[in-house]
Every structure is written in structure tokens, then in C-alpha cells.
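Worksheet: the structure to be examined is printed underneath.
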């Protein structure tokens, strides 16, 4: 198993530390605290969705190579219902998170008032509950159903996920900054969390299955490399097209993240999310377990930073960027993810259906 009893106690300690850090920062700065909470939860929730999507693609393509590592992404899906429940709890901070949830702000902004049909508290709760139930149900069908039934469930899951994640990305993340608009946003966020999900799958496979075949390490490294480059391409496209077109409604976000307080984190994200895997994962390096594990961990952290930069800056303008409490809250969410992952892994046989004896 990935975690022994002492390790589980340590993870539980991180969860409690994250909860305490959130509570203390909530008393001092509610807007920032809820945004860090939202970013961390959405990111970890998206890692579960990425794991389910990975399984669905493998089922549809009838890939045999992944049978021996399948238990890892299956166990990652365990966080999905908990992540949706935690997202529902973010409703307590709606007024601090979203301008559209504040009646006075909406009354003074006719552009925002026109969007209340699609951006309102009732729809927020309906989306969290509806998408959460739908995602969890379909993901469990992908995990549990055998043969052709699993292929049908996988196809349905991917279609539903593409549509619902697009809507959720706009409602939950893009609407945090009512002045920002970009047509690439859903694709950008999807590429970011999927790259992070592949990093999590690769890293956890290497930890749980240290004797995994070299060919499997190489395949995971290729996936991680490819989607890191794809995310980097969209990162560059969105940045370059925004700079070139110079439309006010598309530049507001970049004015914030390129301000002195946030710019270092903006460039660090690009360095860790693209340059790091691009330079350190040539063909042979993908078979090197310690190197691949290090790159996977860095990629997971980089895309947490990426989501955080999409969420937090609009609440604080150009003020100084990330703080220690933000890191502790993020680690708390990660520890909860690993606890649920370990619990799911310990309940199941490590030999997945379809794996040769």
C-alpha cells in the first residue's frame, strides 16, 4: 500500500493543519481564503475527473498495456464525491467569491445584471449537485462495468464530461472575474487539469507499484510529456493572442498576473509546467523512475499553481502573491485526496480485471 499507519496519521495531520489555516485566514481575509479553498478543491476534484477520463480512453481504445496500473487511476476517482461535497460547502462563501452573488454589486452593474439568468446562487448549487451526481455515477460505471458495457459508459462519460466541464469552468472559475472574457478558457483549464491528472497518475503508479514495468513508465512519461506540451501551447496561444488583440475584456486577467506581486508565480508556473518536463523527459529519461517521479510531482504542483492564478488574483489586485497559509490549505486538500486514494486502494485487489496473472 502507498501509506502505512504512521503515514496516514501524518496525512490526517496535514488535513487538520489545512483546515486550521483556512479557518484562521478566513477570519482575516474571507475573500482570499474562499478563493484558495475553491481553487484547491476544484483542482483536486479535476484530478479525479482526469483519472476517470484516462480510464475511459483506455477502455474505448481497448488498451491492454494499462491493465496492470489501472487500480491507481480507479482509486483516484474516490475523491470525486468528497470534492463535490466540499465544493457545495463553498456556498457559504458565495458573497466573498462571486460579484454576481452580491445584490448591491449586481444592482450597480448593468452588464453583470444581464448575466444573472446564468450566474446565480440557485444555479450554482444545482450545478454542483447535478454535475457531482452525474460525474460520480458515470465514473463508477467506467470503473466497475466490464467489457462492452464499460466501453459504452466510457463514451457517455467523455461526452458528458466535455459538455459539463465546459459549463462548470465558466460558472465556477471564469465568472470570478466579471471583467475577464476569453474564448479559450474551458479548453485551457481542461488541458491544465488533465496534464496535472496525468502527473498524479504517473507519480502514484511509481509510488504504489515501484516494480512497474519499464515500458509502462515510458508510456506514462510519453503521456505526461505530450499533454504538458499541449498545455504549454494553449498557455502561449492565450497569452499571445490576448497581447496581440489587446481587447480590454480579455486583458484584465493578465494585467493582474503580470503585476509585481503575481508575475514571479506566473512565470514559475510556465517554467515548471512546460520547460521542466520538456527538458527533463527525453526518450530515455522517461524510463528513469526517480526522474519521472520528480517531474510528475513538479507538474502536479505547477498546475495547482496555474489554477490558483486563475482564481486568487482578482480578489487582491496587484498585492503580493501567495502566502504560507495558501500552501498549507493546498497541502490539506492534497492530504485528504491521498487518504481517500489509499482507503480505496486498500479495499480492492491490486490486480485489475483484464490483467494477466
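In the numbering used here, the protein residues as written are 82 to 438. Beta carbons: idealized from backbone N, C-alpha and C, even for Gly. Treat the numbers as computed from the prediction; the structure is a model and nothing was measured.
Please report the distance separating the alpha-carbon of residue i from that of residue j.
i	j	result
residue 387	residue 195	30 Å
residue 320	residue 391	13 Å
residue 111	residue 243	32 Å
residue 164	residue 248	18 Å
residue 127	residue 160	10 Å
residue 246	residue 256	14 Å
residue 90	residue 263	43 Å
residue 323	residue 330	10 Å
residue 207	residue 215	12 Å
residue 371	residue 365	13 Å
residue 419	residue 189	44 Å
residue 303	residue 202	42 Å
residue 335	residue 259	14 Å
residue 157	residue 311	23 Å
residue 103	residue 406	7 Å
residue 119	residue 332	23 Å
residue 85	residue 282	20 Å
residue 279	residue 167	23 Å
residue 109	residue 404	13 Å
Does the distance from the CB of residue i to the CB of residue j come in under 8 Å?
i	j	result
residue 286	residue 301	yes
residue 261	residue 177	no
residue 315	residue 268	yes
residue 94	residue 412	no
residue 182	residue 175	yes
residue 343	residue 402	yes
residue 113	residue 396	yes
residue 417	residue 123	no
residue 169	residue 209	yes
residue 410	residue 117	yes
residue 121	residue 414	yes
residue 367	residue 373	yes
residue 219	residue 241	yes
residue 162	residue 213	yes
State buried or exposed for residue i, treating a residue as buried only when at least 16 other CB atoms are found within 10 Å of its CB.
i	result
residue 426	buried
residue 434	In this prediction, residue 434 has a pLDDT of 47, which is less than 50 and means its spatial position is unreliable; nothing more can be read from the coordinates.
residue 338	buried
residue 384	buried
residue 317	exposed
residue 394	buried
residue 192	exposed
residue 423	buried
residue 155	buried
residue 179	buried
Specify whether the segment 226 to 237 and the segment 133 to 147 touch according to this definition: at least 3 beta carbon pairs, one from each stretch, less than 8 Å apart.
At 8 Å Cβ cutoff, the stretches touch.
Check whether the segment 352 to 361 and the segment 370 to 379 are in contact - that is, three or more C-beta pairs closer than 8 Å.
yes
Do the segment 267 to 275 and the segment 140 to 160 touch if we need at least three Cβ pairs shorter than 8 Å?
Counting Cβ pairs under 8 Å, fewer than three are found: no touch.
In the segment 345 to 394, which residue ranges form an unbroken alpha helix (DSSP H) of at least 4 residues, counting only runs that do not cross its ends?
Annotation note: the segment 345 to 394 contains the following uninterrupted alpha helix (DSSP H) runs of length 4 or greater, listed N- to C-terminal: 357 to 361 and 370 to 392.
Which runs of the beta strand (DSSP E) spanning at least 3 residues fall entirely within the segment 131 to 205, listed in chain order?
Listed in chain order, there is nothing to give.
At which residue ranges does the segment 201 to 284 contain complete alpha helix (DSSP H) runs of 4 or more residues, listed in the order of the chain?
DSSP runs (the alpha helix (DSSP H)) wholly in the segment 201 to 284: 202 to 225 and 228 to 249.
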